[in-house]
Amino acid sequence: MKQYELVREIQNLCANNQMRDVFFDEVETDDPVLWVKNAVKGRQVTLTVEQKANGELTIFVESAGMTQKFLFTPI
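Here the sequence shown is numbered in this note's numbering, starting from 605 and rising by one per residue.
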């Protein structure tokens, strides 16, 4: 299993509120996309995946008018 530093950012899109919740964690997974799908299991979501040449993987999850960003950085 690969180890990743995970930054999870939840954007608050409410009017006049530009706050964001940011969480940091370390996870072990061979498939970050599957890891995110399991994290949001049971919800109807749209996933957008961006992979960089340096191995970073950013996954955007949109659901019920809310966007979450999961940034996986290999460690």
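Positions of the beta carbon are idealized from the N, C-alpha and C atoms, including for glycine.
{"Query": "Have a look at Asp-625, Thr-671, Arg-624, Phe-664 and flag the residue whose alpha-carbon is nearest the alpha-carbon of Trp-639.", "Result": "Phe-664"}
{"Query": "For the putative contact between Leu-686 and Glu-630, defined by C-beta atoms under 8 Å, what is the C-beta separation to the nearest angstrom?", "Result": "The chain is shown only over 605 to 679; residue 686 falls outside these bounds and no answer can be derived."}
{"Query": "Give me whichever residues DSSP pairs with Val-626 in a beta bridge.", "Result": "Glu-613"}
{"Query": "Can you find the residues in the same chain that come closer than 6 Å, C-beta to C-beta, to Asp-625, ignoring five residues on each side of it along the sequence?", "Result": "Ile-614"}
{"Query": "Looking only at its chain, what residues have a beta carbon closer than 6 Å to the beta carbon of Ile-679, apart from the 5 residues adjacent to it on each side?", "Result": "Gln-607, Glu-609"}
{"Query": "Could you pull out every residue in the same chain whose Cβ sits closer than 7 Å to the Cβ of Lys-641, ignoring the five residues on either side in sequence?", "Result": "none"}
{"Query": "Nearest to Gln-648 by CA position, among Arg-612, Asp-634, Glu-654, Thr-671, is which residue?", "Result": "Thr-671"}
{"Query": "Hey, out of Val-644, Glu-654, Asp-634, Lys-656, whose CA is closest to Ala-668's CA?", "Result": "Val-644"}
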